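S.K.: In the working numbering, the protein residues as written are 124 to 376. We treat Cβ as the ideally placed atom computed from N, Cα and C, and that holds for glycine. Note that the structure is a prediction, hence the values are computed from the model and not measured. Let me begin by handing over the structure; questions about it come next.
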DNA sequence: CCAGACGTTGTT
DNA sequence: GTCTGG
DNA sequence: CCAGACGTTGTT
DNA sequence: GTCTGG
């Protein structure tokens, strides 16, 4: 699954990597080695540009990097208090769940990450791992987003929120956990972001090639506390024999 | 009809 | 907003 | 995801 | 044990 990740690239770098424009307006959060639920994050969306009256132009699309808050708040929510419970959406059910289906059909995004953290349950304390692409590229987690209107006196301010899709862990990832974020290979980015494709069913399966290209390493327990936030959080640490990943631990029988 | 939910993970 | 449960 | 709080009265 | 906050 995905409840914590690292995102340290600035919007300009991400815009280049995702063939998008920087739509953050200088409001982007800085480098973050310990992104946690409800924090501000960067995401990539593709939308039909709107004119001054708010009408979308169906003939063109623009891909941009945006600032969102992690934890989806549906437009009908009374307040934002449920956001922390909605940081993930199961890919198996996202199209059917009332809280997610509109977003899954019409408002998909990519959530770029340097890598994500996973806590391996076991004897004693859980061991955190960092999982990232071996080549330094960003991974693109499949996401959905929503707009919630915050009333401030007479003003209504949009709050953009998002959730990351999860799927069954496959390959090497099963050694650490039985769920993982849905990471999309580059050749599925456009289809995932396509605002005119209401049914993304074909894109919801985990991709073995993407997973095979991931690196996985145990990291310091310091990542547990979000007060810690520095580059060393993603550094490998040595493990005792008894704490090594157990490949069969989560194999389904 | 109205009221209440609307989510995921992990653990037992 | 929309569906489910009573 | 993990960490940290979890409470009231009265007095300053 | 369970909820909230980040």
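I need the DSSP call for residue 265, collapsed to helix, strand or coil.
M.R.: As a working mapping, residue 265 is identified with position 142 in the first chain. Looking at residue 265 - three-state DSSP - the assignment turns out to be strand.
S.K.: Please classify residue 174: is it buried, with 16 or more other beta-carbons within 10 angstroms of its beta-carbon, or exposed?
M.R.: Stepping through the first chain from its first residue, residue 174 is reached at position 51. Flag for residue 174 reads exposed.
S.K.: Please state whether DSSP places residue 86 in a helix, a strand or coil.
M.R.: Since the displayed the chain opens at 124 and closes at 376, residue 86 lies outside it and no answer follows.
S.K.: Excluding five sequence neighbours on each side, which residues of the same chain lie with their C-beta closer than 6 angstroms to the C-beta of residue 373?
M.R.: Translated into positions along the first chain, residue 373 becomes position 250. Note on residue 373: pLDDT 44, under 50, position unreliable in the model; the coordinate value appears next. Here the set comprises 297 and 301.
S.K.: Beta carbon of residue 287, beta carbon of residue 339: below 8 angstroms?
M.R.: Start at 1 with the first residue of the first chain, and residue 287 comes out as number 164. Start at 1 with the first residue of the first chain, and residue 339 comes out as number 216. Cβ atoms of residue 287 and residue 339: not closer than 8 angstroms.
S.K.: Going by DSSP, what residue range makes up the beta strand (DSSP E) through residue 155?
M.R.: Along the first chain, one-based indexing puts residue 155 at 32. It spans 155-158 - the beta strand (DSSP E) in which residue 155 sits, taken as one unbroken run.
S.K.: Hey, residue 240 and residue 341: beta-carbon distance below 8 angstroms or not?
M.R.: To locate residue 240, count along the first chain from 1; it is residue 117. To locate residue 341, count along the first chain from 1; it is residue 218. Contact: no.
S.K.: Should residue 295 and residue 327 be called a contact, given that it needs their Cβ atoms to be closer than 8 angstroms?
M.R.: Residue 295 sits at position 172 when you count from the first residue of the first chain. Residue 327 sits at position 204 when you count from the first residue of the first chain. Their beta carbons are not under 8 angstroms apart, which means residue 295 does not touch residue 327 by this criterion.
S.K.: Just how far apart, CA to CA, sit residue 126 and residue 215?
M.R.: As a working note, residue 126 is residue 3 in the first chain. As a working note, residue 215 is residue 92 in the first chain. Roughly 18 angstroms separates the two Cα atoms.
S.K.: Identify whether residue 374 lies in helix, strand or coil by the three-state DSSP scheme.
M.R.: Along the first chain, read from residue 1 onward, the residue named residue 374 stands at position 251. Model confidence at residue 374 stands at a pLDDT of 41, short of 50, so the residue's coordinates are unreliable; what they give is reported in the following sentence. Reduced to three states, the DSSP call for residue 374 is coil.
S.K.: With a threshold of 16 other CB atoms inside 10 Å of the CB of residue 183, please say whether the residue is buried or exposed.
M.R.: As a working mapping, residue 183 is identified with position 60 in the first chain. Classification of residue 183: exposed, given that the 10 Å Cβ count is below 16.
S.K.: In terms of residues, what are the limits of the alpha helix (DSSP H) holding residue 331?
M.R.: For the purposes of this step, residue 331 is taken as the residue at position 208 of the first chain. Its alpha helix (DSSP H) spans residues 331-335.
S.K.: Secondary structure at residue 227, three-state DSSP: helix, strand or coil?
M.R.: Start at 1 with the first residue of the first chain, and residue 227 comes out as number 104. Three-state DSSP puts residue 227 in a helix.
S.K.: Counting pairs of Cβ atoms below 8 angstroms between the segment 154-161 and the segment 302-314, do you hit three or more?
M.R.: Counting Cβ pairs under 8 angstroms, fewer than three are found: no touch.
S.K.: What would DSSP say about residue 339, mapped onto helix, strand or coil?
M.R.: For the purposes of this step, residue 339 is taken as the residue at position 216 of the first chain. Strand.
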